[in-house]
Amino acid sequence: MKENRDTSERTRPEDIRSPNTPSAIDTTPIQLGHIEVLQILNEHGEADAGLDPNLDDDTLLSLHRAMVLARAFDKRMLTMQRQGRMGTFAPNLGQEACIVGQAHPMTSDDWFAPSYRSFGAQIMRGWPMERLMRLWAGFHDGFPPPEGVNDLPFSIVIGSHVLPAVGIAMGMNYKKDSNCVVVNFGDGATSQGPVSEALNFAAVYQAPVVFVCENNGWAISTPVYKQTSLTSFAVHGVAAGMRSIRVDGNDILAMVCATKEATDRARAGGGPSYIEAVTFRMSLHTTADDPTVYRDESEVTSWETRCPIARFETYLINRRILDSPSIGEIHEECEKEVLEARDTFYAMPPAKPGEIFDHLYEEITSELASQRDEYHQRLRHKGLEP
Amino acid sequence: MSKLNMVEALNLALSQEMARDDRVCLMGEDIAVNGGVFRVTKDLHATFGDSRVMDTPLAECGIVGTAVGMAVYGVRPVVEIQFSGFTMQAFDQIEQNMARLRNRTRGKYKIPVVLRAPYGGGIRAVEHHSESREAYWAHTPGLKVVIPSGPRNARALLAAAIREDDPVIFYEPKAVYRAFREEVPDDPEVMEIGKANIVREGSDITLISYGAMMRPCKEAVMDLEEDHGIDVEFIDLQTISPMDTQTLSESVKKTGRCIIVNEGNRTCGVAAEIIARINETVFEFLEAPIKRITGFDIPYPYFQVEEHFLPESDEIVTAIKETIDWQ
Chain A
31 MKENRDTSER TRPEDIRSPN TPSAIDTTPI QLGHIEVLQI LNEHGEADAG LDPNLDDDTL
91 LSLHRAMVLA RAFDKRMLTM QRQGRMGTFA PNLGQEACIV GQAHPMTSDD WFAPSYRSFG
151 AQIMRGWPME RLMRLWAGFH DGFPPPEGVN DLPFSIVIGS HVLPAVGIAM GMNYKKDSNC
211 VVVNFGDGAT SQGPVSEALN FAAVYQAPVV FVCENNGWAI STPVYKQTSL TSFAVHGVAA
271 GMRSIRVDGN DILAMVCATK EATDRARAGG GPSYIEAVTF RMSLHTTADD PTVYRDESEV
331 TSWETRCPIA RFETYLINRR ILDSPSIGEI HEECEKEVLE ARDTFYAMPP AKPGEIFDHL
391 YEEITSELAS QRDEYHQRLR HKGLEP
Chain B
16 MSKLNMVEAL NLALSQEMAR DDRVCLMGED IAVNGGVFRV TKDLHATFGD SRVMDTPLAE
76 CGIVGTAVGM AVYGVRPVVE IQFSGFTMQA FDQIEQNMAR LRNRTRGKYK IPVVLRAPYG
136 GGIRAVEHHS ESREAYWAHT PGLKVVIPSG PRNARALLAA AIREDDPVIF YEPKAVYRAF
196 REEVPDDPEV MEIGKANIVR EGSDITLISY GAMMRPCKEA VMDLEEDHGI DVEFIDLQTI
256 SPMDTQTLSE SVKKTGRCII VNEGNRTCGV AAEIIARINE TVFEFLEAPI KRITGFDIPY
316 PYFQVEEHFL PESDEIVTAI KETIDWQ
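Protein chains in written order, with the numbering used here: chain A, 31 to 416; chain B, 16 to 342.
And the structure:
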């Protein structure tokens, strides 16, 4: 625990060193906590004047562009996948406010631990789009975070990155650094035991970490009501002993404000926070999925009116920051940027089959070195250079 | 030099490595004020404080997963799992992240985590307290697996494991913890990971073992020499992975015969791997089939009958005589 941190918001009792005492068992009802619900921009694009953070124009424009770019990237990836030029990937369609809003308050000294539906945030964090394409197309060199980007690579096993994310935050406490970690995961991940352990460790050690639960309604074919008996996953945060809030995840302003408040608190020593971002998976679980098997199309159409980008554009038009033609231009520019990245990706060199032994250990073991020789021989036999 | 038991020797290694490098910290259940259930971390909390000797919530997966994250951030955690039987709770984080994160990020993030856990039987404990499941971790790419057999190599190998940039599973033979004392140098000592130790040179047969099974093996070696005039080359494997194939093969090349003793389950176990490697490297020098004496393929039995489960020196003597007489 950093000495210079403000711990006034801690939800734990003052004297945490007291063991159970008979006097602790009284008849006063236990107050578990309080969960706020935040929406600033409603689905018609109208802002609550009392809650609007009145961000400056440049910030508003950068948030808008990041969302449009994320969607353009998403759509292009789907096209490439259908053309047979991209591996299986998990579209983020409809969740752009959620992913961009949580990434925005992070500095480059903060760390981000994403799940696999997070490329909108990864682009903001400094991942070149062609590198993300490389990653999803199955190249080893696509996976490491770029130089200077403090991210974990995303996790494939649901929720397996959440404990290391908390560990990074504990490392920040250990080194007395005033940075924080933002980690996201889906509604499905909340059922994983290690995710519960992560919440507990974060709260016990007051680690500077922000948990963003992206509740998009579906874990492949499993709807939220089969995942939990709770009405809100934000209860998990309260149960672990941290500040928790339920946010309209399709409202970019609410996402930015909730995450900023939580990251500020974490950096100041106020410990972890939990944000449940309510959004909707408009597209497929992954490109290998067919949602028509398990969900009614009317559910999807009912969410179309809540599009995070359209809603924000109405707000920007009402504030006279953008108009229809300039919005069109931004969409075109983003599309062009994605196409350039795609062309760069297509021009990148093929994978080197010899690289698979390179980074398992600091120094290759003699057993592995001889297996590598065996493998190289196999490659040469096929006429390939290792 | 001081005469230390294994618990004291491990404590010495931890204390010296923590003094040497302030990135080294300890995490585990009941390790701080209590000093660990076997007292391996005794007094370290008083010396190094809360931030470097961390009592954790009771969640093995949580301990390992957060240790991995701390390692990504440049801390060097030494994790204590109270009994190796409980590492199964942490399988998720060992397999998904501890062993793989370096490979996944192509070397960008190193995971210098040591996972210490007492393993093996013979202490009359309840279920899940006596397993010898090191083969799981040897089967997991990205890990190193080290098992000492006495106070001196326990101290020196633990110090080496802490200085490693790769994750190490460090299994401590709890039956040896307080079984005997050995001279241990006062100044820091490090032994190379990945190196087997030829404890006794011999010419008739190679006996390979490690950890707690080194004791019945040692008894057998003495009996064979005194009562039967059989000259055994006796090897302490010390590191299960990466395995020191060269030392093992050269020895078998010389003796032409080999026997392996370990208490883990037989199928796909450490002995099976050693036999495969000897076959691959020095098959033509073998004068007899290689024998293995191992735990049976059953869950570790309850303690009223456990003594019959663990390999014993008489059995090792018989097996060695049979291998010598084989024709």
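Just so it is clear, CB atoms sit at the ideal spot from N, CA and C, and this is done for glycine as well. Please read all numbers here as calculations on a predicted model, not as lab measurements.
- Listed along chain B, the residues sitting closer than 7 angstroms to THR395(A) by beta-carbon distance are GLY209 and PRO257.
- Interface with chain B (7 angstroms Cβ-Cβ cutoff): HIS266(A) is excluded.
- Three or more beta-carbon pairs drawn from the segment 190-201 of chain A and the segment 231-239 of chain A are found closer than 8 angstroms, and the two stretches are therefore classed as touching.
- Restricting attention to ARG112(A), LYS290(A), GLY413(A) and VAL265(A), the CA atom closest to the CA of ASN209(A) is found in LYS290(A).
- Here PHE195(B) is exposed. Its C-beta has fewer than 16 other C-beta atoms within 10 Å.
- For ASP181(B), the chain A residues whose Cβ falls inside 9 angstroms of its Cβ are LEU390, TYR391, GLU392 and GLU393, in order along the chain.
- Runs of the beta strand (DSSP E) lying entirely within the segment 138-219 of chain A, each at least 3 residues long, are 141-143 and 211-216 in chain order.
- Beta-bridge analysis with DSSP links LYS18(B) to GLU198(B).
- Proximity of GLN108(B) to chain A, defined by a Cβ-Cβ separation below 7 angstroms, is satisfied.
- Distance from the CA atom of ASP259(B) to the CA atom of GLY209(B), rounded to whole angstroms, is 6 angstroms.
- If you draw a straight line from the Cα of MET85(B) to the Cα of ALA334(B), it is about 48 angstroms long.
- Counting the other Cβ atoms within 10 Å of the Cβ of ASN180(A) gives 16 or more, which makes it buried.
- Within the DSSP bridge table, the entry for TYR186(B) names ALA132(B) as partners.
- For ASN50(A), no chain B residue has a Cβ inside 9 angstroms of its Cβ, as the nearest lies near 16 angstroms away.
- Less than 7 angstroms divides the Cβ of ILE305(B) from the Cβ of ILE290(B).
- Looking at PRO92(B), GLU241(B), GLY135(B) and PHE106(B), the one whose alpha-carbon comes closest to that of VAL129(B) is PRO92(B).
- Contacts with chain A (Cβ-Cβ distance below 7 angstroms) from the segment 92-120 of chain B involve ASP107, GLN108, GLN111, ASN112, ARG117, ASN118, ARG119 and THR120, listed in chain order.
- For SER66(B), the residues of chain A that pass the 7 angstroms Cβ criterion are TYR204, in the order they occur in the chain.
- It is roughly 22 angstroms from the alpha-carbon of GLY51(B) to the alpha-carbon of ARG178(B).
- Taking GLY100(B) as the centre and dropping the five residues before and after it, the same chain places the C-beta of HIS143, HIS144 and GLU146 closer than 7 angstroms to its C-beta, in chain order.
- Residue contact check for PHE231(A) against chain B: a CB pair falls below 7 angstroms.
- Pairing VAL286(A) with ALA102(A) gives a Cβ-Cβ distance that is not under 7 angstroms.
- Note that the C-beta distance between THR317(A) and PHE149(A) is not below 7 angstroms.
- In this model, HIS94(A) and THR51(A) are separated by some 54 angstroms (Cα to Cα).
- Of all residues in the segment 156-177 of chain A, only HIS170, ASP171, PHE173, PRO174, PRO175 and GLU177 come within less than 9 angstroms of chain B when Cβ atoms are compared, listed by chain position.
- The Cβ neighbour count for GLN319(B), taken over all protein chains shown within 10 Å, is under 16; the residue is labelled exposed.
- Bridge partners of ASP329(B) according to DSSP: none are assigned.
- Taking a beta-carbon distance threshold of 7 angstroms, GLY201(A) counts as an interface residue toward chain B.
- Non-local beta-carbon contacts of PHE173(A) in its own chain, meaning distances under 8 angstroms to residues more than five positions away in sequence, involve LEU165 and PRO183 in chain order.
- Uninterrupted alpha helix (DSSP H) stretches at least 4 residues long and entirely within the segment 232-266 of chain A occur at 254-257, given in chain order.
- Nearest C-alpha to LYS268(B) among MET237(B), PHE106(B), ILE138(B) and THR296(B): THR296(B).
- In this structure TYR304(A) does not touch GLY247(A) by the C-beta definition: roughly 19 angstroms separates them, more than the 8 angstroms allowed.
- The C-beta of TRP341(B) has fewer than 16 other C-beta atoms within 10 Å across all chains shown, which makes the residue exposed.
- By the neighbour-count definition (other C-beta atoms within 10 Å, threshold 16), ASP278(A) is a buried residue.
- Within the segment 209-225 of chain A, the residues whose Cβ lies closer than 8 angstroms to some Cβ of chain B are GLY223 and PRO224, listed in chain order.
- Only residues of its own chain outside the window of five on either side were considered, and among them ILE65, SER274, ILE275, ARG276, TYR304 and GLU306 have a CB closer than 7 angstroms to the CB of ALA264(A), listed in chain order.
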